[in-house]
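J.: Okay, here's the structure, questions in a sec.
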Amino acid sequence: MISVQEAKTLIKNHISPLKNKKVKLESSLGAVLAEDIYAPLDLPPFPQSSMDGYAFDLNGWKHGSPLRVTSVVAAGNTEDPPVKAGEAVRIFTGAPLPTSCNVVVKQENVNMFDDNILINQEEVSINENVRAPGSEITKGTLGLEAGFQMTPPAIGFLASMGIDTIEILPSPRVTILVTGDELVGPGTSLKRGQIYESNAKMLTAALSQLGITAIKVKHIHDQLEAHTKALKEALTDSDLVLFSGGISVGDYDFVAKANEEAGVKTIFHKIKQKPGKPLFFGMHGEIPVFGLPGNPASVMSCYYNYITLAIQQLTSRPCRPVVAFARLAGDYKKPEDMTHFLKGKFLQETVEILDGQESYRLNSFALANCLIEMETSKDFIAKGDWVKVHLINKNI
């Protein structure tokens, strides 16, 4: 049996990052940029009207003098009509400003008669109602940094610069293999001896919180052949495989043997911790395989401590719960040489141990906003002692 820290070190040392990939911009929502993106052009790329109105050369106009309207410039117009002194062009929002113009007066401040206009605005300034080239961003300027998670406005921003493909950090394909013939899906009737399956639901939701969408779930029967076959299939199209249950030493626990038969190299099996002592970790080439205990609280404790670390290694981006320190609200005793992870309620500088610490109980986990880590070397932690807490739910 190894320590918690030894287990984490082995995970870091054995799992390598997946390769970045290029995707179409419209498919990048929620993805994380793998590279800095610099503006390939000025935005806007030309002097642009910000109003519907009239454009002219302010230097060739005397206040109170009429201007003759000679043409119309709409958004998308590619021509550059000449505009002489005493002339103006009708212009619309987003249209390119003619080279010979330097101001736009909005239409509300103009009186029209025949083909002429009179401006009833007291003061008119050069570049009024004109968006200068590069006023949003100039060519060569950093637009979005590597590590930025793509949002709808960010997609629009890059599209406005003509970018249609970006390089993103990978999102792993995950297969969850659920063991246990006693398990049935929620929504069906229970027979004697059956319970509802919850681990895959939890893991899928937790993975989704990290932006992982390529998730497969398969329920396998309590037979070695079924375990081995399902694992071999998962290894063909997954970047990470998670077993739920079947990892202990009972007559119906086949995960360790199935990994051996599928050619998975065992890195460790069993950690000095509670819950989650029988955790299994192995590698098949570059693919990590974890065997999580079957008890739901053990599953989630191992997920937050080890699976998030594995995903962080695969994706090269932060995935792990934030760690803080707080004073314990009450005394706690435990065996020495064993790390305990307790469901807790973090309240600023103090943390409370919740009732219902048994590994089968999810009701207390649902109310927890942290895992309290009771370090290996101590068998007694007193009220008021500082302890490490892993924050898992900021909404509670």
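Numbered by this note's numbering, the letters in the sequence shown go through residues 1 to 396 in order.
Even for Gly, the Cβ is constructed at its ideal location relative to N, Cα and C.
In this text, all values refer to a predicted model and were calculated from it rather than measured experimentally.
By DSSP's criteria, residue 282 is part of a beta bridge. Which residues make up the other side?
T.: For the purposes of this step, residue 282 is taken as the residue at position 282 of the sequence shown. The partner list for residue 282 (beta bridge, DSSP) reads 266, 289.
J.: Looking only at its chain, what residues have a beta carbon closer than 6 Å to the beta carbon of residue 380, apart from the 5 residues adjacent to it on each side?
T.: Residue mapping note: residue 380 aligns to position 380 of the sequence shown, counting from 1. Counting only Cβ-Cβ distances below 6 Å, and skipping sequence neighbours, we find 333.
J.: Identify, in the order they occur along the chain, each residue of the same chain with its Cβ nearer than 6 Å to the Cβ of residue 336, setting aside the five sequence neighbours on each side.
T.: Residue numbering aside, residue 336 sits at position 336 when the sequence shown is read from its first letter. The residues are 379.
J.: Taking the CB atoms as reference points, tell me whether residue 213 and residue 171 lie closer together than 8 Å.
T.: Counted from its first residue, the sequence shown places residue 213 at position 213. Counted from its first residue, the sequence shown places residue 171 at position 171. It is a contact, given that the beta carbons lie within the stated cut-off.
J.: Leaving out the 5 sequence neighbours to the left and right, which residues in its chain are closer than 7 Å to residue 300 when beta-carbon positions are compared?
T.: Reading the sequence shown from its first residue, position 300 is the one you call residue 300. 202, 365.
J.: Might you give, ordered along the chain, the residues of its own chain that have their beta carbon closer than 7 Å to the beta carbon of residue 318, omitting 5 neighbours on each side?
T.: If you number the sequence shown from 1, residue 318 lands on position 318. For residue 318, where only same-chain residues beyond five positions count, the Cβ hits under 7 Å are 312.
J.: Are the segment 184-192 and the segment 239-259 touching by the rule of at least three beta carbon pairs closer than 8 Å?
T.: As far as the Cβ criterion goes, the segment 184-192 does not touch the segment 239-259, which means the pair count is below three.
J.: For residue 347, tell me which candidate among 394, 376, 314 has the shortest Cα-Cα distance.
T.: Here residue 347 refers to the residue found at position 347 of the sequence shown. Closest option to residue 347, Cα to Cα, is 394.
J.: What's the C-alpha gap between residue 328 and residue 362?
T.: Taking the first residue of the sequence shown as 1, we reach residue 328 at position 328. Taking the first residue of the sequence shown as 1, we reach residue 362 at position 362. Cα-Cα distance, rounded: 22 Å.
J.: Which class does residue 54 belong to by DSSP, given the choice of helix, strand or coil?
T.: Looking up residue 54 in the sequence shown gives position 54. The answer is strand: DSSP assigns residue 54 an E or B state.
J.: Determine the closest residue to residue 109 out of 326, 115, 120, 99, with distance taken between C-alpha atoms.
T.: In the sequence shown, the residue the question calls residue 109 occupies position 109. For residue 109, the nearest C-alpha among the options comes from 120.
J.: Drop a sphere of 10 angstroms on the beta-carbon of residue 24, count the other beta-carbons inside from all chains shown, and report buried for 16 or more, exposed for fewer.
T.: Here residue 24 is taken as the residue at index 24 of the sequence shown, counted from 1. Exposed.
J.: Can you give the Cα-Cα distance for residue 323 and residue 155, rounded to whole angstroms?
T.: Sequence index remark: in the sequence shown, residue 323 carries index 323 (1-based). Sequence index remark: in the sequence shown, residue 155 carries index 155 (1-based). One C-alpha to the other measures close to 32 Å.
J.: Thinking C-beta only, is residue 143 closer than 8 Å to residue 37?
T.: The sequence position of residue 37 within the sequence shown is 37, counting from 1. The sequence position of residue 143 within the sequence shown is 143, counting from 1. In this structure, residue 143 lies closer than 8 Å to residue 37 by Cβ.
J.: Among 268, 304, 149, which residue has its Cα nearest to the Cα of residue 398?
T.: Lying before the first or after the last residue shown, residue 398 is absent from the chain, which here runs from 1 to 396.
J.: Nearest CA to the CA of residue 22: which residue from 351, 169, 183, 369?
T.: Position 22 of the sequence shown, counting from 1, holds the residue named residue 22. Cα-wise, what sits closest to residue 22 is 169.
J.: Within the same chain, show all residues whose beta-carbon is closer than 6 Å to that of residue 331, passing over the 5 residues directly before and after it, in chain order.
T.: What you label residue 331 is simply residue 331 of the sequence shown in a count that begins at 1. The answer, listed in chain order, is 382, 383.
J.: Looking at residue 295 and residue 321, is the spacing between their C-beta atoms short of 8 Å?
T.: Along the sequence shown, one-based indexing puts residue 321 at 321. Along the sequence shown, one-based indexing puts residue 295 at 295. No; because the gap between Cβ atoms is not below 8 Å, this pair is not in contact.
J.: Near residue 74, which residues of its chain fall below 7 Å by C-beta distance, leaving aside the five closest residues on each side in sequence?
T.: Taking the first residue of the sequence shown as 1, we reach residue 74 at position 74. The answer, listed in chain order, is 92, 95.
J.: Is DSSP giving residue 99 helix, strand or coil here?
T.: Stepping through the sequence shown from its first residue, residue 99 is reached at position 99. Here residue 99 sits in coil by DSSP.
J.: What is the DSSP secondary structure of residue 364, reduced to helix, strand or coil?
T.: Within the sequence shown, the letter at position 364 stands for residue 364. Helix.
J.: For the alpha helix (DSSP H) holding residue 46, just list the boundary residues, first then last.
T.: Within the sequence shown, the letter at position 46 stands for residue 46. Neither: residue 46 is in no alpha helix (DSSP H) and is coded neither H nor E.
J.: Rounding to the nearest angstrom, what Cα-Cα distance links residue 441 and residue 226 in this structure?
T.: Outside the shown range of the chain (1 to 396) lies residue 441, about which nothing can therefore be said.
J.: Alpha carbons only, please: which of 360, 10, 6 is nearest the one belonging to residue 196?
T.: Taking the first residue of the sequence shown as 1, we reach residue 196 at position 196. Of the listed residues, the one whose Cα sits closest to residue 196 is 360.
J.: Excluding the five sequence neighbours on either side, which residues of its own chain have a C-beta within less than 6 Å of the C-beta of residue 273, listed in chain order?
T.: On the sequence shown, position 273 is the one that residue 273 refers to. These residues qualify, in order along the chain: 4, 339.
J.: Secondary structure at residue 252, three-state DSSP: helix, strand or coil?
T.: As a first step, residue 252 must be located in the sequence shown, where it is residue number 252. Coil, per DSSP.
J.: Can you name the start and end residues of the beta strand (DSSP E) that residue 14 belongs to?
T.: Position 14 of the sequence shown holds residue 14. Run containing residue 14: none in the beta strand (DSSP E); it sits in the alpha helix (DSSP H), 4-14.
J.: Straight-line CA distance for residue 444 to residue 18?
T.: No answer is possible for residue 444: it lies beyond the span of the chain, which begins at 1 and ends at 396.
J.: Do you know offhand how far residue 115's Cα is from residue 131's?
T.: What you label residue 115 is simply residue 115 of the sequence shown in a count that begins at 1. What you label residue 131 is simply residue 131 of the sequence shown in a count that begins at 1. Approximately 27 Å between the Cα atoms of the pair.
J.: In terms of residue numbering, what span does the alpha helix (DSSP H) encompassing residue 158 cover?
T.: As a first step, residue 158 is located in the sequence shown; it is residue number 158 there, counting from the start. 152-160 is the extent of the alpha helix (DSSP H) around residue 158.
J.: Which runs of the alpha helix (DSSP H) spanning at least 4 residues fall entirely within the segment 157-234, listed in chain order?
T.: 199-209, all fully within the segment 157-234.
J.: So, are the CB atoms of residue 117 and residue 66 less than 8 Å apart?
T.: For the purposes of this step, residue 117 is taken as the residue at position 117 of the sequence shown. For the purposes of this step, residue 66 is taken as the residue at position 66 of the sequence shown. Yes, the pair counts as a contact, with Cβ atoms nearer than the cut-off.
J.: For the putative contact between residue 345 and residue 357, defined by C-beta atoms under 8 Å, what is the C-beta separation to the nearest angstrom?
T.: Residue mapping note: residue 345 aligns to position 345 of the sequence shown, counting from 1. Residue mapping note: residue 357 aligns to position 357 of the sequence shown, counting from 1. Their Cβ separation, rounded to whole angstroms, is 13 Å, which puts residue 345 and residue 357 out of contact at 8 Å.
J.: Given this structure, state the Cα-to-Cα distance separating residue 200 from residue 165, to the nearest angstrom.
T.: The count along the sequence shown starts at 1 and reaches residue 200 at position 200. The count along the sequence shown starts at 1 and reaches residue 165 at position 165. Whole-angstrom Cα-Cα distance: 34 Å.
J.: So, is residue 209 buried or exposed, given that buried needs 16 or more other C-beta atoms within 10 angstroms?
T.: Counting from 1 along the sequence shown, the entry for residue 209 is found at position 209. Label assigned to residue 209: exposed.
J.: Please return the same chain residues whose Cβ sits closer than 6 Å to the Cβ of residue 175, not counting the five positions on each side in sequence.
T.: Stepping through the sequence shown from its first residue, residue 175 is reached at position 175. So the list reads 216, 234, 238, 241, once near-sequence residues are dropped.
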